[in-house]
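Data first, discussion second: the structure below is written as C-alpha cells.
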Amino acid sequence: MSKKHSMITKLAFLSVSLMVTSAYAIQGSLPQLKAAMHITQTQSEYLVTTPSFAVMIFVVLSPLIQQWFHISDKKIIMAGVTIVGLAGIVPMFVDNYTTILLSRLILGAGYGLYNSQAISVISVWYDGQERAQMLGWRAAAEQVGQALTLTIAGLLLSYLGWRSSFAVYFLAFAVLFFFALRVPEESQAQDDHVDEDNLAEELTDENGPITKISPVVGLLVLFAFLLVVDYVGMENRFPGLAVAINGEHYTGASMFLSLMLIGATLGGITYGWIQDRLGFGTVYLGLGLMALANFLFGFAGDNYWLMVLGLLLIGFPLQLVSPLIFNLLPDLAPADRQPLVTSLCLIGFNFGSFFSPTIAEWTNHLTGKPMSGMGLAAPFPIYGVVLLLIALIIFLATRRHATK
2 MSKKHSMITK LAFLSVSLMV TSAYAIQGSL PQLKAAMHIT QTQSEYLVTT PSFAVMIFVV
62 LSPLIQQWFH ISDKKIIMAG VTIVGLAGIV PMFVDNYTTI LLSRLILGAG YGLYNSQAIS
122 VISVWYDGQE RAQMLGWRAA AEQVGQALTL TIAGLLLSYL GWRSSFAVYF LAFAVLFFFA
182 LRVPEESQAQ DDHVDEDNLA EELTDENGPI TKISPVVGLL VLFAFLLVVD YVGMENRFPG
242 LAVAINGEHY TGASMFLSLM LIGATLGGIT YGWIQDRLGF GTVYLGLGLM ALANFLFGFA
302 GDNYWLMVLG LLLIGFPLQL VSPLIFNLLP DLAPADRQPL VTSLCLIGFN FGSFFSPTIA
362 EWTNHLTGKP MSGMGLAAPF PIYGVVLLLI ALIIFLATRR HATK
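Written as C-alpha cells, this is what we have:
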C-alpha cells in the first residue's frame, strides 16, 4: 500500500478534484446556448448551477449509502466520477431544455457522491502544516480542473458549436482510469484523533479534547454560502457582459474564465505558506482582495479590460478563504464528526452556487437594473460592500473573544 506521504498517493487523491468544478466548463457557451434554445438569462445560468442542488443532497446521502451498502471510499468515488462522465455528455445528443437540465441534476449527484470524501479524508489523514498544504493543493486541483475544462469547452465552442462543448466530460473517464490504477482499495488513516493547530482559537472558547460540534460551524456554512454566491455570479455574468461590450459574435469569454483560474490556482498552492505566516489574518487578506475584485468588475462600465482585471483577481482570494474554512473544521468538531461538518460546509458552498442566479436577479431588481447588457454588472458593488462588512464583523468578534 502506498504511504500517505507518498507524492503518488497524494496526486491520486487530488486527481478526482479535477472534475468537481467541471459543471462550470460550459459557462463560456451560455450566450450561444441561450440564443439557440430561446431561453432566458436566468434559465441559462441554472444549467451551470443546477448540479449544485444535487450536490447538496448527495453529500449527505453519500456516507449513508456507503454505510448501508458497505461501499469503500474508493468505490464510491469511482461511482461518482463515472456518473459525472455519463451525465455530462448527455446534452451532446438532445436539444430539450428540461432533459438537459435533468442531466445536469444527475451530474451534480455524481459530484456529491464523492466530494465530501475527497476533503474529509485529507482532514483525517494529515495534520498541521501538511494538512493545510494538502487542502490548499486540493483547492488548486479544483481550479486547474476548471481551467482545463473551460479551455477545452471554449475551443470546442469556437470550432464546433455550443453542443460540442459538453464533450469535455469525456475527461472524467481519464480521471477514473488514473484513480482506479493508483489508489489502493483500502486506506489507513492516521488515527481517531486530529491534531489541533489552534487556528480556531480566535473563534471559539473550546479548550482540551474536542467532544462536540462547535456552533461556529454554522457560521462557516453561512460564510461559504455568501462567498460562492459572489464568485459563481461573476463567472456566470461575465460572458453576457463580454458580448454586450464586444458584440454578439464574441466568443472569447471562455479564455478569460480560464485565465481567472490561474489566480485561483495560485491561491490554493500558496494557501499553506500564507496561512503559516498570517494565521487567521488570512481571512482578512482574502475578503479584502475579493471586495476589490467586485468593485473593479462592477464599476468597470464599458471598460472591458478593467472588468477583466476584476474577474482575474477574484479567484486568488477565494482560494485563500475556502481552504481556511476546511482547515478550521478539525478544531471545531471531533474526528468522527468530520465527514458531517465537511458535508455541511459543502452544502453551504453548493447552496450558494445553486442560488447565485436568483440572488443576482433579486439584486438587479433591488437596484432597478435590467437583466441584460451592462445591467448584468449591478450586483457586484453590493457584494463587495457585504464582504467588507463580513470582515468587520469577524474582526470585532475575534477582538471581543481576545478581550475575554
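Residue 339 in the numbering used here sits at position 338 of the sequence shown; the count goes up by one each step and never skips.
Beta carbons are placed, not taken as given, at the ideal position from N, Cα and C, and that holds for glycine.
Small disclaimer: the values here were computed from a predicted structure and weren't measured.
Practice task
Report all residues from its chain with a CB closer than 7 Å to the CB of I475; omit the five preceding and five following residues, and keep chain order.
Solution key: Limits of the chain in this structure are 2 at one end and 405 at the other, which puts residue 475 out of reach.
Handout entry: T41 - DSSP class collapsed to helix/strand/coil
Key = coil
Practice task
Please confirm whether F59 and G146 have their CB atoms less than 8 Å apart.
Solution key: no
Handout entry: Nearest-angstrom Cα separation, counted from G287 out to A110
Key = 30 Å
Handout entry: Residue from L228, M8, T252 with nearest C-alpha to F239
Key = T252
Practice task
Measure the C-alpha to C-alpha separation of Q28 and Q320 and round it to an integer number of angstroms.
Solution key: 20 Å
Exercise for the section: May I ask which residues mark the beginning and end of the alpha helix (DSSP H) holding W274? Expected result: 254 to 279
Problem - Spatial distance of G219 from A265 (CA atoms) - result: 25 Å
Problem - C-alpha gap between F174 and L87, whole angstroms - result: 9 Å
Exercise for the section: Count the other CB atoms, across all protein chains shown, that sit within 10 Å of the CB of R400; report buried if there are 16 or more and exposed otherwise. Expected result: exposed
Handout entry: Nearest-angstrom Cβ-Cβ length linking G349 and M261, presumed shorter than 8 Å
Key = Not confirmed; about 22 Å, so no contact.
Problem - Pairwise C-alpha distance: G353 and L228 - result: 8 Å
Exercise for the section: Specify whether the segment 232 to 248 and the segment 45 to 62 touch according to this definition: at least 3 beta carbon pairs, one from each stretch, less than 8 Å apart. Expected result: yes
Practice task
Please state whether DSSP places A378 in a helix, a strand or coil.
Solution key: helix
Handout entry: CA-to-CA distance, G129 to S53, given in whole angstroms
Key = 30 Å
Problem - Stretch-stretch touch, CB-based, cutoff 8 Å, three pairs: the segment 318 to 334 with the segment 20 to 34 - result: no
Handout entry: CA nearest to the CA of A24, picked from V61, L157, S166, I77
Key = S166
Problem - Whole-Å CB distance - F355 paired with T41, under 8 Å assumed - result: Their Cβ separation, rounded to whole angstroms, is 17 Å, which puts F355 and T41 out of contact at 8 Å.
Exercise for the section: Excluding the 5 residues preceding and the 5 following L388 in the sequence, name in chain order all residues of the same chain whose CB lies nearer than 6 Å to its CB. Expected result: L288, M291, A292
Handout entry: Under the three-state DSSP convention, the category G162 falls into
Key = coil
Practice task
Look at the alpha carbon of Y115 and the alpha carbon of L172, and state the distance between them as a whole number of angstroms.
Solution key: 17 Å
Handout entry: Buried/exposed call for I78, threshold 16 Cβ in 10 Å
Key = buried
Practice task
Between the Cα of I263 and those of L151, R105, P380, spot the shortest distance and give me the residue it belongs to.
Solution key: L151
Problem - Straight-line Cα distance separating V56 from T271 - result: 27 Å
Handout entry: Exposure of Y170, with buried meaning 16 or more beta-carbon neighbours within 10 Å
Key = buried
Exercise for the section: Could you work out which residue in I120, V309, I66 is closest to N1 when comparing CA atoms only? Expected result: The chain is shown only over 2 to 405; residue 1 falls outside these bounds and no answer can be derived.
Exercise for the section: Give every residue of the same chain whose Cβ lies closer than 8 Å to the Cβ of I326, excluding the five residues on either side of it in the sequence, and list them in chain order. Expected result: L221, F224, A225, C346
Exercise for the section: Quick one: using the 10 Å Cβ neighbour count with 16 as the cut-off for buried, is F257 buried or exposed? Expected result: buried
Practice task
Just list the alpha helix (DSSP H) runs in the segment 304 to 382, keeping only unbroken ones of 4 residues or longer that don't cross its boundaries, in chain order.
Solution key: 305 to 329, 339 to 368
Exercise for the section: Taking S16 as part of the alpha helix (DSSP H), name the residues at either end of that continuous run. Expected result: 8 to 16
Handout entry: Under the three-state DSSP convention, the category P52 falls into
Key = helix
Handout entry: Which listed residue (L62, F70, E143, L177) has its alpha carbon closest to that of V85
Key = L177
Problem - Own chain, CB closer than 8 Å to T359, minus 5 neighbours either side, in chain order - result: T43
Problem - Chain-order list of residues whose beta-carbon lies under 6 Å from that of A26 (same chain, five-residue window excluded) - result: T150, L151, A154, V169
Handout entry: DSSP three-state assignment for V82, whether helix, strand or coil
Key = helix
Problem - Contact under 8 Å by Cβ, G374 with N365 - result: no
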